[in-house]
Structures are given as structure tokens and as C-alpha cells.
């Protein structure tokens with residue numbers, strides 16, 4: 220296997236002078252051309268992990284430990300200048316709400332041209348020509364006209380396509396997608412997911428995709444990592460996690476989806492309790508207070524990652540008991 | 018619709034909107050002066066004038082007609098550029114007012130330019146380095162600018178730079194008094210002290226506005242988006258300026274409007290022959306035509322400035338409806 224494009228080792232990110240541990244010891248490897256999804260609920264640390272890869276968390280208020288290597292380069296050691304040259308050219312990001320993530324007083328075309336000319340010495344006309352190609356590539360209809368539109372003049376799906384075009388403008392190797400479909404209508408979500416998967420295959424992109432929607436994760440990702448309270452609690456192929464989840468939290472997430480036709484009057488199963496306070500984490504497994512299988516040792520020590528099989532690992536000492544809890548799901552195609 | 022055609026139609030619509038405003042302004046101007054107590058002829062009549070003479074003069078100036086007729090005649094003449102004759106000096110009001118407006122405009126534009134430059138500078142630095150020492154200093158300066166009494170500041174500056182140091186003249190508009198203006202040092206040096214005094218007001222307000230704007234813009238998600246595509250602080254600065262410009266310019270335009278009309282105290286302190294000085298004289302002499310004419314012209318300028326600000330904002334901010 221060639222060297223991975225991303226390698227994160229024991230990443231710890233804390234805010235508020237170290238009091239709030241948003242990310243607490245994450246390891247992640249991403250192969251070239253691979254797509255992984257980071258899933259978890261709000262506050263699980265998935266977006267913070269993603270932003271750490273480009274050092275986009277507010278520098279003054281953030282404390283970062285561990286190591287992050289992207290394309291062979293140590294991200295945490297970069298100077299401001301190196302970081303600016305690295306962002307957009309090697310790694311780029313798609314945001315959750317493109318209406319907020321694009322500058323409202325510049326046209327989308329101007330913003331793409333700006334990104335290209337920031338990293339490459341090309342004329343304005345040549346950059347615009349490339350922006351036009353990108354718009355065709357992400358299948359925006361009447362691309363010439365749309366290039367001159369301001370973000371608020373586009374529909375939600377169109378804006379996200381424009382955002383993807385912007386992210387791809389300088390042919391990055393790694394694409395980070397921060398809940399790219401959360402703000403969109405269900406029908407548009409599918410189109411965007413299919414577009415991302417197609418682009419990934421055609422351009423050989425590596426993608427890290429953050430979402431709280433397992434369905435979206437399965438569409439795009441080869442591998443899924445489940446995060447809870449700043450730690451990765453389970454990882455495996457999309458197939459492993461859907462068919463045979465082994466961490467009680469993953470099982471809870473799967474059960475709490477409105478899957479297929481939910482009979483009228485049937486109760487949606489929810490995980491009891493609320494995520495822990497990140498400033499005051501329990502000493503053992505952080506999911507133990509909400510876990511139906513928790514036993515004394517769970518509360519005492521932090522559980523290690525247990526290999527369930529070659530491609531699947533869970534941070535749980537009760538994976539065998541959890542197997543009996545797993546929902547009986549028909550394959551989702 | 019093409020961008021040009023839509024811009025033209027906006028222009029036409031905005032200009033149409035100003036017509037009822039102008040009419041309202043004219044009514045208020047006219048009414049204000051007639052509601053105020055006192056006899057308009059008191060300053061030209063000798064105290065022992067006969068009743069007949071008083072009646073005759075009232076008829077000559079038209080003060081004996083019904084208000085509605087007086088207003089109609091006054092408005093018609095005003096539209097044709099004739100603002101009547103000053104009771105105190107016997108000269109045409111229009112000429113007096115426009116000479117004064119020229120002086121005030123020069124002063125107000127210079128003061129606004131100084132105030133806007135430093136206000137925007139302080140505001141930017143304060144908003145960028147929020148809660149730092151620089152921010153606190155800039156905030157203190159802007160509070161000082163908004164709250165210090167300007168006539169007092171003017172007098173202090175005169176004492177320091179004119180009386181003690183003797184660098185600049187204390188009062189007046191130049192060697193030739195109020196009649197001849199030229200863009201040379203002999204005249205410009207007369208402008209420095211009043212302009213600096215006056216600039217403190219817009220400086221404080223612009224600084225506070227820009228600080229709040231910059232802080233708000235920097236907290237927006239798109240700034241993270243700009244960093245994510247590799248922009249450095251300098252590149253982001255351009256975006257912040259373009260986002261802040263419409264609001265900052267609007268505030269500047271309004272400040273210029275206030276300075277045009279609201280500089281009575283400063284013009285009096287510096288004996289600057291502008292509209293404030295003229296208004297002051299007109300009020301004390303009960304010179305109704307002069308007072309009406311001056312207020313009307315100032316109000317017209319204010320409406321015109323608002324119109325310009327409105328159009329500029331529409332041109333600069335794509336989010337404002339253009340259809």
C-alpha cells in the first residue's frame with residue numbers, strides 16, 4: 220500500500236484553555252482515492268476533526284496536540300504562508316450552508332476566479348474559462364449566466380454545486396465535506412451525493428465526509444468512522460457497520476433512523492439520555508451512562524479499540540453482547 | 018432586464034420618491050417660520066413707525082396675504098430660483114445662501130473626509146483586534162468624539178494653535194473675508210482648525226459603526242470559507258472592505274448631511290461665513306426670507322445626499338433589490 224494521503228495520530232483538540240475537550244485522541248488514516256465518512260451527533264467532534272486538517276479552528280482559542288500529516292506534510296508545523304498555499308491547493312473544503320460560506324457581495328464566478336488566481340499565475344480570462352468548465356463539470360445549467368450570479372440568486376442545490384466547483388478549482392488531492400447535504404431538500408441531497416461520488420471516482424479524489432446521516436455516509440463512503448464525545452467509537456466498511464454494528468452507540472444510531480415505512484403509531488427508538496458535557500467527561504467509556512449493556516468495568520477505564528474482524532474495530536469491551544442487540548436490517552441496496 | 022436598464026429604472030424611481038419629500042420639506046420650512054412668534058418687519062421698521070407705513074411694508078413683502086397664497090407664491094418663486102430678498106440686507110437671498118453653502122460645503126466635505134478616514138482606520142483596527150489594547154484606545158477616542166462639546170473643543174484648539182503657538186489663524190475664511198475663495202495656502206490654513214474640530218463628530222460615529230461591522234463580518238462563516246481557499250489576511254481584508262463599504266458609506270453620507278446643517282456652533286466660534294453663520298444671523302434679525310431660503314436649501318441638500326447614498330448603496334450591495 221502506498222503512503223496514506225491523511226494520517227492523524229492521537230489528535231486532541233481543546234477549547235476554552237483546555238477545559239473543553241472537543242477531540243480526544245483520534246487516529247485516522249485515509250488512503251489515496253479513498254472516501255471515508257465521519258458520523259456522529261452535534262458536538263461529537265467530527266467537524267472539529269475535519270477543520271483541524273486545514274487548521275481552520277480559531278487559532279487563538281484552540282489547543283491542538285498530536286500529529287496531522289496530509290500528503291506527506293506536517294500540517295501543525297506549517298507557517299502562516301505555507302498554510303495559505305496549502306489550503307485550497309492540496310486540501311479544500313465544502314461547507315454545510317453555502318449561502319453562509321460564500322461571500323454575499325461577490326459573484327460566484329469572481330470567487331472561483333479569485334481562488335484559482337490565488338494559487339496559479341493565470342490570466343483572469345483563463346481562470347474564468349476554467350470556472351466555466353467547473354460549472355459544466357458539476358452540471359450547473361446555463362453556466363455562463365450562473366457564473367455572474369450572486370450566491371443569494373441561486374437555489375440551494377445550485378449553490379452547493381457552485382461551492383463544490385469552488386472547492387475543486389485548484390485540483391486538490393483531498394476534499395473535506397462538512398455536512399454538505401444537511402441544508403438541502405431530500406431530493407437534492409441525493410443528487411449532490413451522487414455528484415460527489417462521481418467526482419471522486421473521475422478525479423481520483425480522497426474525501427473525508429462529515430455527516431450525522433448514516434444513509435448519506437453509505438452513499439459516498441467506502442469506510443465509516445463513528446464518533447462519540449471526541450473519540451472514534453467504531454470503524455469499519457460501510458457494509459460492516461450497516462450489517463453488523465458492534466458498538467452499542469452505532470446500534471442505537473441505526474435503530475433511531477426512520478427506516479423505510481415506519482408504521483403509523485410505531486415509536487421511533489431513540490438513544491436515552493444526552494451526550495456528555497465535554498468539559499466533564501466520565502473516566503471510563505463516555506457512552507456508558509447511556510448504554511443498555513454497560514457493566515462496572517465500562518465505567519472504570521477507557522475501553523480500547525477491539526478488532527471485531529480485519530476491517531472492523533469497536534471501542535467497546537462488550538462487542539459480543541452488542542452483536543445480539545444489532546437491528547435486523549434488510550440491505551439498503 | 019440588463020443591468021444598465023434596471024439601474025436606470027431604479028434611479029428614476031428613487032428620484033420620483035423624492036418629489037413628495039421635497040414638497041413636505043417646503044411646507045415645513047414655510048410653516049416653521051410663520052409659527053414662530055415675532056413680527057418679521059421689526060428689524061427694518063423704526064420703533065416709532067406709523068401704522069400706515071407698517072401696513073404698506075407688509076403689503077410690499079406680501080405678509081398681509083392668506084398663508085396659502087403666500088406659500089404658493091414663495092414656492093413658485095423658489096422653484097424658479099428666486100428665494101426673495103433679505104429684509105436685513107436688501108440683497109437677494111439666493112445669492113447669499115449659495116455663497117454660504119459653498120463655504121459650508123467645503124468645510125463639511127473636508128471635515129467628513131478627515132473624520133471618515135480616521136474613523137474607518139480606527140474602526141478597522143479595533144474591529145480586527147477586538148478586545149485588545151488598540152481596540153480599547155480606539156473605542157475611547159470614538160466616545161470622546163461623539164460626546165465632547167464641539168464649540169468647546171474649537172475654542173481649546175484656537176487657544177492652543179492660534180493664541181499660544183500662533184501657527185494658524187483663529188477665525189475667518191481667508192484674507193479677503195467671505196467674498197473670495199481660492200485654493201491656496203492663505204485660504205486653506207483658515208479651514209484647518211474648524212475642519213478638524215468638525216471632523217471629530219463623524220470620526221467617532223464612523224469608528225463605532227466600522228468597528229461593529231468588521232467584528233460582525235469577521236465572525237461570519239464565509240471568512241472561514243475564504244481562509245479555506247488559501248486567502249491570506251490581505252486577501253480577506255479586501256472582502257471585509259467590500260462587505261462593510263455600503264453601510265459605512267451610508268453613515269458617512271448622513272454625517273455629511275448633518276454637518277451641512279448642524280454646524281451653527283462651530284461656524285460661530287470660528288466666524289466661518291457658512292450656512293450656520295447665516296442661519297444664526299437670520300434668526301436674530303428675524304429675517305424671514307433669508308431664514309426660509311437657508312433652511313430650504315439645506316433641506317434640499319440633505320434630501321439630495323440621501324438620494325446619492327441610496328443609489329450608491331444599491332450599486333454596491335447586490336443583495337438590495339434591484340428589480
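Protein chains in written order, with this note's numbering: chain A, 220 to 552; chain S, 18 to 340. C-beta: ideal position from N, C-alpha, C; glycine also.
Minimum Cβ-Cβ distance from residue i to chain A less than 7 Å
{"i": "residue 336 of chain S", "result": "yes"}
{"i": "residue 241 of chain S", "result": "yes"}
{"i": "residue 260 of chain S", "result": "yes"}
{"i": "residue 326 of chain S", "result": "no"}
{"i": "residue 267 of chain S", "result": "no"}
Proximity test, Cβ basis, 7 Å: residue i and chain S
{"i": "residue 534 of chain A", "result": "no"}
{"i": "residue 466 of chain A", "result": "no"}
{"i": "residue 549 of chain A", "result": "Note that residue 549 of chain A scores a pLDDT of 47, beneath 50, so its modelled location is shaky and nothing firm can be said."}
{"i": "residue 275 of chain A", "result": "yes"}
{"i": "residue 371 of chain A", "result": "yes"}
{"i": "residue 552 of chain A", "result": "The predicted model places residue 552 of chain A with a pLDDT of 39, which falls under 50 and marks its position as unreliable; any figure quoted below should be read in that light. No, residue 552 of chain A lies away from the interface with chain S (no Cβ there is under 7 Å from its Cβ)."}
{"i": "residue 350 of chain A", "result": "no"}
{"i": "residue 384 of chain A", "result": "no"}
{"i": "residue 319 of chain A", "result": "yes"}
{"i": "residue 303 of chain A", "result": "yes"}
{"i": "residue 539 of chain A", "result": "no"}
Partner residues on chain S for residue i, Cβ-Cβ distance less than 7 Å
{"i": "residue 307 of chain A", "result": "245, 246, 247"}
{"i": "residue 311 of chain A", "result": "245, 246"}
Interface partners of residue i on chain S, CB under 9 Å
{"i": "residue 316 of chain A", "result": "238"}
According to DSSP, residues forming a beta bridge with residue i
{"i": "residue 71 of chain S", "result": "Paired residue(s): none; residue 71 of chain S is not in a bridge."}
{"i": "residue 280 of chain S", "result": "DSSP lists no partner for residue 280 of chain S."}
{"i": "residue 301 of chain A", "result": "In the DSSP output, where bridge partners are listed per residue, residue 301 of chain A has none listed."}
{"i": "residue 442 of chain A", "result": "A:255, A:456"}
{"i": "residue 293 of chain A", "result": "A:288"}
{"i": "residue 226 of chain A", "result": "A:248, A:288"}
{"i": "residue 201 of chain A", "result": "The structure shown does not extend to residue 201 of chain A, since chain A spans only 220 to 552, so no value can be given for it."}
{"i": "residue 239 of chain A", "result": "A:234"}
{"i": "residue 157 of chain S", "result": "The partner list for residue 157 of chain S (beta bridge, DSSP) is empty, contrary to what the question assumes."}
{"i": "residue 451 of chain A", "result": "A:446"}
{"i": "residue 336 of chain A", "result": "None, per the DSSP bridge assignment."}
{"i": "residue 281 of chain A", "result": "A:234"}
{"i": "residue 528 of chain A", "result": "A:531"}
{"i": "residue 306 of chain A", "result": "A:310"}
{"i": "residue 102 of chain S", "result": "S:109"}
Cross-chain neighbours of residue i in chain A, by beta carbon under 8 Å
{"i": "residue 252 of chain S", "result": "333, 337"}
Proximal chain S residues relative to residue i, where beta-carbon distance stays under 8 Å
{"i": "residue 520 of chain A", "result": "Those do not exist, as residue 520 of chain A stays about 37 Å from chain S at its closest Cβ, beyond 8 Å."}
{"i": "residue 323 of chain A", "result": "239, 260, 335, 336"}
Per-residue contacts from residue i into chain A (C-beta, under 7 Å)
{"i": "residue 256 of chain S", "result": "322"}
Validate contact between the stretch 439–452 of chain A and the stretch 242–261 of chain A using beta carbons, cut 8 Å, 3 pairs: yes
Could you tell me whether the stretch 280–289 of chain S touches the stretch 335–345 of chain A, using the rule of 3 or more Cβ pairs below 8 Å? no
Taking a cut of 9 Å between CB atoms, which residues from the stretch 448–461 of chain A lie near chain S? none
Taking three-plus beta-carbon pairs below 8 Å as touching, is the stretch 385–392 of chain A in contact with the stretch 295–308 of chain A? yes
Check whether the stretch 292–299 of chain A touches the stretch 344–353 of chain A, counting contact only when three or more Cβ pairs, one atom from each stretch, lie closer than 8 Å. no
Contact between the stretch 361–376 of chain A and the stretch 229–238 of chain A: three or more CB pairs below 8 Å? no
Please determine if the stretch 168–175 of chain S and the stretch 222–232 of chain S are in contact, where contact requires at least 3 C-beta pairs separated by less than 8 Å. no
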